[in-house]
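**Student:**
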Amino acid sequence: MAKSTHTKKDKKSFLKIITTIIFPLIFLITLTLIVLTLSGVNVFEEAERYASRIPGLSSVASSEGKDTDGGEMDRLNAVIANKEAEVEELQSEADSKQSQINELEQQVVQLKADLEEAVAEEGNNEDSKVSAMARSFQEMDPEEAAPILESMNQNLAVQVLSEVASEEKGEILGQMDPEAAANIASMLIEE
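First residue of the sequence shown: 4, per this note's numbering; consecutive thereafter.
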């Protein structure tokens with residue numbers, strides 16, 4: 004019986020040691036973790052970093068690091084998705100710019116056509132002026148028309164005379180200075 008009372012006393016003293024030292028120590032560690040976490044320190048990450056330096060615990064800490072590799076993979080996948088979205092946005096912007104370029108090219112073609120039409124109208128307008136002038140020279144006497152044509156620009160005189168009837172053209176050239184008449188006649192032939 005003495006042994007059973009002694010065993011009971013040993014158990015009671017062991018329980019006293021556990022309750023007086025271990026429980027307060029666990030409470031103190033838990034309280035410290037809470038305070039450090041609230042102050043912004045990631046205690047588990049710091050513990051993992053220190054554990055990876057200890058030879059026996061480094062394999063355990065590195066196996067936990069594989070989970071962060073998955074997190075890194077997710078982060079990289081998110082970056083790739085963002086870049087792909089950026090590429091799509093830039094592609095749509097490039098397509099928009101290309102359509103603007105096509106519209107501007109069509110406008111350039113239209114403006115060129117308008118310009119050619121305007122030049123042709125101006126040429127027709129100029130031709131009508133030359134025709135009107137030729138009619139007035141036809142109505143004049145050759146003696147009056149010859150000095151006027153001699154004093155004009157030779158190219159314009161050739162354009163006017165080309166519109167005048169052949170008989171009147173000959174009479175006007177006959178009244179002109181022979182050298183000027185020869186130059187105009189040669190230009191009329193070349194035309």
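Quick reminder that beta carbons are idealized off the backbone N, C-alpha and C, glycines included.
For the alpha helix (DSSP H) holding R52, just list the boundary residues, first then last.
**Tutor:** Stepping through the sequence shown from its first residue, residue 52 is reached at position 49. Here the alpha helix (DSSP H) through R52 covers V46 to A54.
**Student:** Of the choices Q162, E119, S16 and E120, whose alpha-carbon is the least far from that of F140?
**Tutor:** Position 137 of the sequence shown, counted from the first residue, corresponds to residue 140. Nearest of Q162, E119, S16 and E120 to F140, Cα basis: Q162.
**Student:** Please tell me whether L191 and A149 are closer than 9 angstroms, where the distance is taken between their beta carbons.
**Tutor:** Indexing the sequence shown from 1 puts residue 191 at position 188. Indexing the sequence shown from 1 puts residue 149 at position 146. It is not a contact, given that the beta carbons lie outside the stated cut-off.
**Student:** Between D117, G59, E166 and Q113, which lies nearest to S131 when the distance is taken from Cα to Cα?
**Tutor:** On the sequence shown, position 128 is the one that residue 131 refers to. Of the listed residues, the one whose Cα sits closest to S131 is E166.
**Student:** Using the Cα positions of K15 and L28, report the straight-line distance between them to the nearest angstrom.
**Tutor:** Your numbering for residue 15 matches position 12 in the sequence shown. Your numbering for residue 28 matches position 25 in the sequence shown. Between K15 and L28, the C-alpha separation is close to 19 angstroms.
**Student:** What does a CB cutoff of less than 7 angstroms around G68 pick up in its chain, not counting 5 residues either side in sequence?
**Tutor:** In the sequence shown, counting from the first residue as 1, residue 68 sits at position 65. Caution is warranted here: a pLDDT of 49 is assigned to G68, below 50, making its placement in the model unreliable, and the coordinate value is therefore given only provisionally. Same-chain partners within the cutoff: there are none.
**Student:** Measure the C-alpha to C-alpha separation of F30 and I57 and round it to an integer number of angstroms.
**Tutor:** Position 27 of the sequence shown holds residue 30. Position 54 of the sequence shown holds residue 57. C-alpha separation (whole angstroms): 26 angstroms.
**Student:** Would you grab the beta carbon distance between D180 and E153 for me? Rounded to a whole angstrom, and I think it's under 8 angstroms.
**Tutor:** If you number the sequence shown from 1, residue 180 lands on position 177. If you number the sequence shown from 1, residue 153 lands on position 150. With 8 angstroms as the limit, D180 and E153 qualify as a contact, their Cβ atoms being about 6 angstroms apart.
**Student:** Start and end of the alpha helix (DSSP H) containing M190?
**Tutor:** Walking along the sequence shown from the start, residue 190 turns up at place 187. First-last of the alpha helix (DSSP H) with M190: P181 to E193.
**Student:** Rounded to whole angstroms, what's the CA-CA distance from Q110 to L93? Just pull it up for me.
**Tutor:** The residue you call residue 110 lines up with position 107 of the sequence shown. The residue you call residue 93 lines up with position 90 of the sequence shown. Taking the straight line joining both Cα atoms gives about 25 angstroms.
**Student:** If you follow the alpha helix (DSSP H) that N156 is part of, which residue opens it and which one closes it?
**Tutor:** Position 153 of the sequence shown holds residue 156. From DSSP, N156 is part of no alpha helix (DSSP H); its letter is neither H nor E.
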